[in-house]
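All remarks here apply to the structure that follows.
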Amino acid sequence: MNLKFNHALMLGATSLSMLLAGCSQSTSDTEAKTTTKIADSSVSANAIEIWPTLDIAIKRDEKIEQRVADILSTMTLAQKVAQTIQPEIRDITLEDMRTYGFGSYLNGGGAFPNGDKHAKPSDWVGLAEKMYQASIDDSIDGSTIPTMWGTDAVHGHNNVIGATLFPHNIGLGATHNPELIEDIAKATAEEVLATGIDWIFAPTVATVRDDRWGRTYEGYSEDPEIVRDYSASIVKGLQGSANKNFLGDRQVISTVKHFIGDGGTVGGDDQGNNIADEQTLFDIHAQGYVGGLTAGAQTVMASFNSWNGDKVHGNRYLLTSVLKERMGFDGFVVGDWNGHGQIPGCSNESCPQAMNAGLDVYMVPTGAWKPLLENTIAQVKSGEISQARLDDAVTRILRVKLRAGLFDKPAPAERVLSGNKDIIGSPEHRAVARQAVRESLVLLKNHQQLLPLSPNANVLVAGGGADNIGQQSGGWSITWQGTGNTNQDFPGGTSIYQGIEQAVTQANGNAELAVDGKFTQQPDVAIVVFGEQPYAEGNGDLDNLEFQRGNKTDLALLKSLKDQGIPVVSVFLTGRPLWVNPELNASDAFVVAWLPGTEGAGVADVLFTSANGDIQHDFKGQLSFSWPNSPTQTNINRFDKDDTPLLPYGFGLHYGEKSTLDMALSEQVANENAQALTPLAIYDRSVQAPWKMALVTTEKSATVASSMLENGGLKFRTIDRRVQEDAFKIDWLQPNAGQVRIYHDFLQDLRSYTEASSVMQFDYTLNSAISAPVWLQINCGETCASDIDLSAHLKQTQTWQTLSVDLACFAQSATDFSKIGIPFALSSEGPLSLSLSDIRIVPNAANKADISCPAE
Numbered sequence: 001m002n003l004k005f006n007h008a009l010m011l012g013a014t015s016l017s018m019l020l021a022g023c024s025q026s027t028s029d030t031e032a033k034t035t036t037k038i039a040d041s042s043v044s045a046n047a048i049e050i051w052p053t054l055d056i057a058i059k060r061d062e063k064i065e066q067r068v069a070d071i072l073s074t075m076t077l078a079q080k081v082a083q084t085i086q087p088e089i090r091d092i093t094l095e096d097m098r099t100y101g102f103g104s105y106l107n108g109g110g111a112f113p114n115g116d117k118h119a120k121p122s123d124w125v126g127l128a129e130k131m132y133q134a135s136i137d138d139s140i141d142g143s144t145i146p147t148m149w150g151t152d153a154v155h156g157h158n159n160v161i162g163a164t165l166f167p168h169n170i171g172l173g174a175t176h177n178p179e180l181i182e183d184i185a186k187a188t189a190e191e192v193l194a195t196g197i198d199w200i201f202a203p204t205v206a207t208v209r210d211d212r213w214g215r216t217y218e219g220y221s222e223d224p225e226i227v228r229d230y231s232a233s234i235v236k237g238l239q240g241s242a243n244k245n246f247l248g249d250r251q252v253i254s255t256v257k258h259f260i261g262d263g264g265t266v267g268g269d270d271q272g273n274n275i276a277d278e279q280t281l282f283d284i285h286a287q288g289y290v291g292g293l294t295a296g297a298q299t300v301m302a303s304f305n306s307w308n309g310d311k312v313h314g315n316r317y318l319l320t321s322v323l324k325e326r327m328g329f330d331g332f333v334v335g336d337w338n339g340h341g342q343i344p345g346c347s348n349e350s351c352p353q354a355m356n357a358g359l360d361v362y363m364v365p366t367g368a369w370k371p372l373l374e375n376t377i378a379q380v381k382s383g384e385i386s387q388a389r390l391d392d393a394v395t396r397i398l399r400v401k402l403r404a405g406l407f408d409k410p411a412p413a414e415r416v417l418s419g420n421k422d423i424i425g426s427p428e429h430r431a432v433a434r435q436a437v438r439e440s441l442v443l444l445k446n447h448q449q450l451l452p453l454s455p456n457a458n459v460l461v462a463g464g465g466a467d468n469i470g471q472q473s474g475g476w477s478i479t480w481q482g483t484g485n486t487n488q489d490f491p492g493g494t495s496i497y498q499g500i501e502q503a504v505t506q507a508n509g510n511a512e513l514a515v516d517g518k519f520t521q522q523p524d525v526a527i528v529v530f531g532e533q534p535y536a537e538g539n540g541d542l543d544n545l546e547f548q549r550g551n552k553t554d555l556a557l558l559k560s561l562k563d564q565g566i567p568v569v570s571v572f573l574t575g576r577p578l579w580v581n582p583e584l585n586a587s588d589a590f591v592v593a594w595l596p597g598t599e600g601a602g603v604a605d606v607l608f609t610s611a612n613g614d615i616q617h618d619f620k621g622q623l624s625f626s627w628p629n630s631p632t633q634t635n636i637n638r639f640d641k642d643d644t645p646l647l648p649y650g651f652g653l654h655y656g657e658k659s660t661l662d663m664a665l666s667e668q669v670a671n672e673n674a675q676a677l678t679p680l681a682i683y684d685r686s687v688q689a690p691w692k693m694a695l696v697t698t699e700k701s702a703t704v705a706s707s708m709l710e711n712g713g714l715k716f717r718t719i720d721r722r723v724q725e726d727a728f729k730i731d732w733l734q735p736n737a738g739q740v741r742i743y744h745d746f747l748q749d750l751r752s753y754t755e756a757s758s759v760m761q762f763d764y765t766l767n768s769a770i771s772a773p774v775w776l777q778i779n780c781g782e783t784c785a786s787d788i789d790l791s792a793h794l795k796q797t798q799t800w801q802t803l804s805v806d807l808a809c810f811a812q813s814a815t816d817f818s819k820i821g822i823p824f825a826l827s828s829e830g831p832l833s834l835s836l837s838d839i840r841i842v843p844n845a846a847n848k849a850d851i852s853c854p855a856e
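When you line the sequence shown up against full-length UniProt numbering, it's residues 1 to 856, in that order.
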């Protein structure tokens, strides 16, 4: 591929379109300027011309279209709506499938047949077979339309024990090898088919702009050209080509996701707001769809994020006018995990706005599927959703099922690859993965040509990632967040240490594993494998890019070895570029291994020569993301003019090339954000995104979704302070009635606020006397919470007062501000009535805090 990507991104829609095979446009750059209105997403007549009409490889087949029409003409309203409902395997039974005939179902990350993490391929096939048979059983619902099963196989069949796990997308981007990506997709498709599953929620085609985003590793590159080309390759690998085995016996349905702009949210906030203008939305964030849809991807997943304040799940302009009508996509749009419920005015149980916008399939895990189905039926009957819109959605679903041969293929248990346990983690697939590991490694530093190493040496292998297949595989590995796994959960896989041990032993060298670096025999060289712990969406978001901020344990290990005169090779496991200047300084050689998956032996293939000293494999990897020059250089990208990265896009040393990094890089971490930080609003007239509010008792948690709520002995209602309903009142009707809690589903990184001497501050009035302790809590996990008694500081007055608490008080109680799930929770041991407003974290205010805590 051409790594000297011409300045297409700088030339506007017309020039870019000339570079995109299969696209046509007729507008000039000037004419294509958008006049998007944020409130209603209306656009000027010529804005739509920014988007190309694609020459999609898979053309309409009139025989299929006639079959679709024939089937549709026989369907009842209930049968049609059931095709648009996608529940999760933990929330439905076979009887539910038989009764309702869902069009599809899924397994989320960490969901397994029978709830068994170690389910065998035969167990997966068994569930697929039973669900299929229930779907075509017409004894209750009258329908014989086959269902289909979707899964997140995002770097191999990552939910299945023993599957081949390939490097995550960020590593594949560094290979700059679209042909290899197609081979990986073919292998993934085969392993998925061996478990009876029809449909993969991949590829992710986000063009990442801010590396703080916790899904950065799901992006191939900051460069939309790579994203476009890789998207086409993986779609062809998963589905086959139009003229070669399209959706045949060894292919699966693919999904390009998440439409659109998820990699460009403000601050890298997962599920946040993308404020790009429309031209940039196309130039940067749409290229994966140009590539993937042109190649024939049959499904598109809508994105959680908003575009200029409008949730994409409810954006008719993007889902219908742009994607379907302008670009010509004739497959179906599936939602993301209850994403429809995030649209203003919607809930998980009811959302006509999503279908009216162009969503064809509601992904509705948890028990919400039944009321959603019933409400959608009622909404079609009432005309709130038109019959034509429902028929269009079902037509698209049936079209894809017919193209995939689901009406004609045997049942899942009888298909060509089903139940073939030899396919799962086969030697052939592991060989492809090992090649991908080799080609993804990027050499950042090689002082005095330390690498390659002779295998005939005494090698110390240290670091927490050395013998840890779970850490090297990252998130979306068996479990959703990639946590809770051991090496035994990856049978057939190889840790990085195991690969090194094999290479060295075969050459009569010696490899000693000592995670803490405490060796028994003086080593010739130390290879230290370290990096990020596994995470997935939400929990992986950061607020700056400093590695191990506030807890430099890996740096201490590197320095201890270097201080002993031992040459140090660092192998860095990461899902994104991070600021590692201190770690680079403490290393003689530094290799970015990204998240290589189960075939860790690919690292040793490159680090070591053969026994006779010949280079076996040179470094091929080149950065597909710019490497930051400071912890706060969070959105440095190719073609940016204002900032200079530490290492540019495309950087990667080969053997014999001189190291260019300074041996004494600046390690200064100026608190650049301390003065620039603005108050973090948690409640300002209402709960501020991404936070939510709940009333929590020992019996249940009730989410606050209206102006009044009562849960056991807790009572909530909104009140007026300055304007209508800009504050709220909480009554604890009995002792220890429960907790009013502001929370997020994912952990948030708030370390910048502790570093900036911040306070938790809120306004209040007391509506009753205080009779017992009142506890303010900040919570960072099940075993990580701090409580401070406010009762002595709350003034007995009914006028509005402000109270502030130094965040250092919570930090002293071991609260980890890198992973805050609950920034504010209040409980009372006695009956109490209290009104609250303006809850916020205020930086640079600790010296004036009402409650302060002397340094210990």
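Just so it is clear, CB atoms sit at the ideal spot from N, CA and C, and this is done for glycine as well. The structure displayed is predicted, hence computed values, not measured ones.
Would you mind giving the Cβ-Cβ distance between glutamine 287 and valine 227, rounded to the nearest angstrom? I have them listed as a contact below 8 Å.
For the purposes of this step, residue 287 is taken as the residue at position 287 of the sequence shown. For the purposes of this step, residue 227 is taken as the residue at position 227 of the sequence shown. Under the criterion of beta carbons closer than 8 Å, glutamine 287 and valine 227 qualify as touching, at roughly 5 Å.
Using beta-carbon positions only, say whether arginine 502 and asparagine 510 come within less than 9 Å of one another.
The residue labelled residue 502 in the question sits at position 502 within the sequence shown. The residue labelled residue 510 in the question sits at position 510 within the sequence shown. Here residue 502 turns out to be glutamine, not arginine, going by the sequence shown. Contact: no.
In angstroms, rounded to a whole number, what distance separates the CA positions of threonine 698 and phenylalanine 547?
Position 698 of the sequence shown, counted from the first residue, corresponds to residue 698. Position 547 of the sequence shown, counted from the first residue, corresponds to residue 547. One alpha carbon belongs to threonine 698, the other to phenylalanine 547, and they sit about 38 Å apart.
Cβ distance (whole Å) where glycine 830 is taken to contact alanine 772 below 8 Å
Translated into positions along the sequence shown, residue 830 becomes position 830. Translated into positions along the sequence shown, residue 772 becomes position 772. About 3 Å; that satisfies the 8 Å criterion.
Give the straight-line distance between the Cα atoms of isoleucine 92 and alanine 202, rounded to the nearest whole angstrom.
Sequence index remark: in the sequence shown, residue 92 carries index 92 (1-based). Sequence index remark: in the sequence shown, residue 202 carries index 202 (1-based). If I take the Cα positions, the gap works out to 24 Å.
Please list the terminal residues of the continuous beta strand (DSSP E) segment that includes glutamate 512.
Residue mapping note: residue 512 aligns to position 512 of the sequence shown, counting from 1. From DSSP, the beta strand (DSSP E) with glutamate 512 extends over 510-513.
From alanine 457 to valine 504, what does the alpha carbon distance come to, in whole angstroms?
On the sequence shown, position 457 is the one that residue 457 refers to. On the sequence shown, position 504 is the one that residue 504 refers to. Put simply, the backbone Cα of alanine 457 is about 7 Å away from that of valine 504.
Counted within 10 angstroms of its Cβ, other Cβ atoms place methionine 363 as buried (16 or more) or exposed
As a working mapping, residue 363 is identified with position 363 in the sequence shown. Buried, by the Cβ-count rule.
Nearest to tyrosine 220 (by Cα), restricted to the options Gly613, Asp731, Gln688 and Gly575:
On the sequence shown, residue 220 is found 220 positions in, with the first residue counted as 1. Checking every option, the nearest Cα to that of tyrosine 220 belongs to Gly575.
Can you give me the Cβ contacts of isoleucine 48 inside the same chain, cut-off strictly under 8 Å, excluding the 5 residues immediately before and after it?
Counting from 1 along the sequence shown, the entry for residue 48 is found at position 48. A distance below 8 Å between beta-carbons, with the five flanking residues on each side excluded, links isoleucine 48 to the following residues of its chain, in chain order: Ser321, Val322 and Arg326.
Is the stretch 253-261 touching the stretch 302-309 in the sense that three or more CB pairs, one from each, lie closer than 8 Å?
Contact between the stretch 302-309 and the stretch 253-261 is present: 3 or more CB-CB pairs across the two stretches fall below 8 Å.
Using the three-state DSSP reduction, which class does tryptophan 307 fall into: helix, strand or coil?
On the sequence shown, residue 307 is found 307 positions in, with the first residue counted as 1. Reduced to three states, the DSSP call for tryptophan 307 is strand.
With H, G and I counted as helix, E and B as strand and the rest as coil, what does DSSP make of aspartate 489?
On the sequence shown, residue 489 is found 489 positions in, with the first residue counted as 1. Annotated three-state conformation of aspartate 489 is helix, per DSSP.
For aspartate 720, collect the residues of the same chain with a Cβ closer than 8 Å to its Cβ; drop the 5 residues on either side in sequence, then sort them by chain order.
Residue numbering aside, residue 720 sits at position 720 when the sequence shown is read from its first letter. Asp726 and Ala727, listed in sequence order.
Does the beta-carbon of serine 587, which I'm using as the reference point, lie nearer than 8 Å to any heavy atom of the ligand FAD?
For the structure depicted, the ligand FAD is absent and the ligand set is empty, with no information on it obtainable.
Can you tell me whether DSSP reads isoleucine 469 as helix, strand or coil?
Reading the sequence shown from its first residue, position 469 is the one you call residue 469. When DSSP states are grouped into helix, strand and coil, isoleucine 469 belongs to the helix group.
Under a Cβ-count criterion, where at least 16 other Cβ atoms within 10 Å of its own Cβ denotes burial, should isoleucine 423 be classed as buried or exposed?
Taking the first residue of the sequence shown as 1, we reach residue 423 at position 423. Counting Cβ neighbours within 10 Å, isoleucine 423 comes out buried, since at least 16 surround it.
Buried or exposed for methionine 760, please, with buried defined as at least 16 other CB atoms from any protein chain shown within 10 angstroms of its CB.
In the sequence shown, the residue the question calls residue 760 occupies position 760. By the C-beta density criterion, methionine 760 is buried, having at least 16 other C-beta atoms within 10 angstroms.
CB of isoleucine 200 within 9 Å of CB of serine 254, strictly:
Stepping through the sequence shown from its first residue, residue 200 is reached at position 200. Stepping through the sequence shown from its first residue, residue 254 is reached at position 254. Here isoleucine 200 is near serine 254, since their CB atoms are less than 9 Å apart.
Three-state secondary structure (DSSP) of isoleucine 500
As a first step, residue 500 is located in the sequence shown; it is residue number 500 there, counting from the start. Helix.
With a CB to CB cut of under 7 Å and the five nearest residues on each side skipped, what residues in its chain are close to leucine 665?
Locating residue 665 in the sequence shown gives position 665, where the first residue counts as 1. Within the same chain, leucine 665 has close Cβ partners Asn581, Leu584 and Asn585.
Note down, in chain order, each residue of its chain lying with its Cβ closer than 6 Å to the Cβ of aspartate 262, except the 5 sequence neighbours on either side.
The residue given as residue 262 occupies position 262 in the sequence shown. Taken in chain order, the residues that qualify are Ala206, Ser303 and Asn305.
Using 10 angstroms around the beta-carbon of phenylalanine 639, count the other beta-carbons present and answer buried if the total reaches 16, otherwise exposed.
Along the sequence shown, read from residue 1 onward, the residue named residue 639 stands at position 639. Exposed is the call here.
On the three-state DSSP scale, how would you describe alanine 189?
Counting from one through the sequence shown, the residue named residue 189 turns up at place 189. In the three-state reduction of the DSSP assignment, alanine 189 falls in the helix class, which pools H, G and I.
Would you be able to state if there are at least three C-beta pairs under 8 Å between the stretch 137-152 and the stretch 99-114?
Counting Cβ pairs under 8 Å, three or more are found: they touch.
Note down the Cα distance separating arginine 90 from lysine 700, rounded to an integer number of angstroms.
Locating residue 90 in the sequence shown gives position 90, where the first residue counts as 1. Locating residue 700 in the sequence shown gives position 700, where the first residue counts as 1. Going from the Cα of arginine 90 to the Cα of lysine 700 covers about 20 Å.
Do the stretch 814-825 and the stretch 842-851 make contact, defined as three or more Cβ pairs closer than 8 Å?
No: the two stretches stay apart, fewer than three of their Cβ pairs being nearer than 8 Å.
Between the alpha carbons of threonine 395 and leucine 545, how many angstroms are there, rounded?
Counting from one through the sequence shown, the residue named residue 395 turns up at place 395. Counting from one through the sequence shown, the residue named residue 545 turns up at place 545. Taking the straight line joining both Cα atoms gives about 46 Å.
Exposed unless 16 or more other CB atoms sit within 10 angstroms - verdict on asparagine 159
Against the sequence shown, residue 159 aligns to sequence position 159. Under the 10 Å beta carbon count, asparagine 159 is surrounded by 16 or more other beta carbons and is classified as buried.
Delimiting residues of the beta strand (DSSP E) encompassing leucine 444:
The residue given as residue 444 occupies position 444 in the sequence shown. In this chain, the beta strand (DSSP E) harbouring leucine 444 covers 442-446.
Mapping the DSSP letters down to three states, classify tryptophan 594 as helix, strand or coil.
As a first step, residue 594 is located in the sequence shown; it is residue number 594 there, counting from the start. Annotated three-state conformation of tryptophan 594 is strand, per DSSP.
Leaving out five residues before and five after asparagine 847 in sequence, what residues of the same chain have Cβ atoms less than 8 Å from its Cβ?
Mapped onto the sequence shown, residue 847 falls at position 847. Here the set comprises Ser757.
Buried versus exposed, by CB contacts within 10 Å (16 or more), lysine 795
Here residue 795 corresponds to residue number 795 of the sequence shown, with the count starting at 1. Lysine 795 should be labelled exposed.
Hey, would you say serine 624 sits closer than 9 Å to aspartate 223, going by beta carbons?
Your numbering for residue 624 matches position 624 in the sequence shown. Your numbering for residue 223 matches position 223 in the sequence shown. Taking 9 Å as the Cβ cut-off, serine 624 and aspartate 223 qualify as a contacting pair.
Beta-bridge partners of glutamate 710, as assigned by DSSP:
As a working note, residue 710 is residue 710 in the sequence shown. For glutamate 710, which the question treats as bridged, DSSP gives the partners Lys715.
Answer with buried or exposed for threonine 35, where buried requires no fewer than 16 other C-beta atoms within 10 angstroms of its C-beta.
Your numbering for residue 35 matches position 35 in the sequence shown. With a pLDDT of 31 at threonine 35, under the threshold of 50, the predicted position of this residue should be treated as unreliable, though the coordinate-derived value follows. Exposed: under 16 other Cβ atoms inside 10 Å.
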